[in-house]
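Residue numbers (my numbering), protein chains in the order written: chain A, 540 to 870; chain B, 176 to 439.
Given below as structure tokens:
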């Protein structure tokens, strides 16, 4: 029996998670779309940020400080991947995998901080700490509206988009965009391509870790499995955002907003899938399949669908001649 | 302005594909020289330009630009001295960025790139005027993505970008080879104009002997990783294609001049 009311009541949670993962997806957008690097570090960073954040809060630091430290920890992870790639000449994909693997150990140590051994998980209770986002704020009727994780998720997303919009309009930001768009041209224009790649990876992983810090608070715990397959979710959000909104969202800030919408849509779809009682063990297969198909669509389009050229109705020769002339005039 | 001293470069050393691309190249360019470089495939023309630009480091020899030894500097640190236009029109511009953004990137060559705005309003007006000079209608399309431009338009834009920060040296690497003849002629004429207006010391690689003769004040021909012919001044003005072929046969000691040069 499918209960429609169940679905409706699960949707706000989907939106809140989508907003939190939207920050992560913006991080993926920076590397995948702007730097043209598929960075797999994020699977590790998506746990590191939460681990750092939770441990900081448990040890008496305030939530903002904990989130800042999560961001910095993510940047450190990005720095490692960046150096493996640029200073040690390892392919970006492999560099990310190496950092991701080592982060698994690091994450165990972070979560076991002070206990002398590694730990695979840590819980953080909203009853004991004043968390910025929590699923309890959403589903427990006792909290006021301004505690809503949807509101705070949106505030974080908008603030990050505004800051990134500014940053990528600066000289430094422009040079990072150029690095991804054409490294040859960038070098010829005096841009330090390696430095920019490292910087981009740091910024991206910082955002992912920040998202992870929020996610840990939202779900009330962090464990080593958090972040497994994160890159796929991030890519799904980027691609869904691109496919659905690229026609209307042309401005950079709006493109980032499209990515956040992509993440929200992903989580809403996941809520529907869960509601349909799909075996939850199979969710990751489903996610991977969705991303694979969306990635394949542009390739298939280019390969199998012929480009239609408009011919002038009466005389093809004139059409070709005038098109040729036009081409030359443009040149 | 530019001094190459005994440059050697070998690719894939120690493998079956070993190629001695530059074998002791020495060359001095004076301020305002416009040198055209010709030679067959694999003669070392582009390799020499890449050596100057710093795409990789040379095995031996030294490179000095306007008194600065740049032999050990990476490519991006040499960029302040050098403007470049490539053979592939795709290579000189960022396709996903706007025309004005590309120009703004070039305008900051050699400067630290901080947190100031990447492009200012005053710059936009300057760029509009500059683009008007190209007479390609680009002045009305400042915010168009460069990826939408034709090959010729891109090469014209790349030329403008190369000269924007008045470089010590302009390197043109077969920059008209990928264009149709009419567009190529336009871009060549534009190159001449920009070189003249800015008084740029220039090296232009071309596979077209007529172009090599018609442009610049000096002509060098490369063969097998070496400079084999160097003609300048009055001799260069009087030069004809048959002269050049004869010179080449003499210098290389072979009759393969026609094949090697005309077919490449």
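The beta carbon of each residue, even a glycine, is placed where N, CA and C say it ideally should be.
| Query | Result |
| --- | --- |
| Collapsed DSSP secondary structure at residue 180 of chain B in the structure displayed | strand |
| Touching by the beta-carbon criterion (3+ pairs, under 8 Å), the region 388-406 of chain B and the region 345-357 of chain B | no |
| Own chain residues within Cβ distance below 8 Å of residue 616 of chain A, not counting five before or after | 580, 583, 584, 587, 638, 642, 744, 748 |
| Beta-carbon proximity of residue 576 of chain A to residue 570 of chain A, cut-off 8 Å | yes |
| Spatial distance of residue 703 of chain A from residue 246 of chain B (CA atoms) | 38 Å |
| Residue 400 of chain B in three-state terms, based on DSSP | coil |
| For residue 797 of chain A, three-class secondary structure by DSSP | helix |
| Residue from A/630, A/770, A/589 with nearest C-alpha to residue 568 of chain A | A/770 |
| For residue 237 of chain B, the residue or residues it bridges with in DSSP | B/180 |
| Whole-Å CB distance - residue 609 of chain A paired with residue 620 of chain A, under 8 Å assumed | Contact flag wrong, Cβ pair sits at about 17 Å. |
| As assigned by DSSP and simplified to three states, the class of residue 316 of chain B | coil |
| Three-state secondary structure (DSSP) of residue 842 of chain A | helix |
| Contact with chain A by residue 251 of chain B, beta-carbon distance below 8 Å | yes |
| Per-residue DSSP class, three states only, for residue 352 of chain B | coil |
| Outcome for residue 627 of chain A when other beta-carbon atoms lying within 10 angstroms are tallied against a minimum of 16 | exposed |
| Endpoints, beta strand (DSSP E) assigned at residue 379 of chain B | 376-380 |
| CA nearest to the CA of residue 206 of chain B, picked from B/191, B/227, B/176, B/278 | B/176 |
| Range of the contiguous alpha helix (DSSP H) that encloses residue 605 of chain A | 602-625 |
| Rounded separation between residue 729 of chain A and residue 279 of chain B - CA only | 13 Å |
| Within-8 Å CB hit, residue 714 of chain A to chain B | yes |
| Contact list for residue 259 of chain B against chain A, beta-carbon separation under 8 Å | 727 |
| Contacts of residue 291 of chain B in chain A (Cβ-Cβ under 8 Å) | 709, 710 |
| CB contact check: residue 792 of chain A to chain B, cutoff 8 Å | no |
| Closer than 8 Å to chain B by CB, residue 819 of chain A | no |
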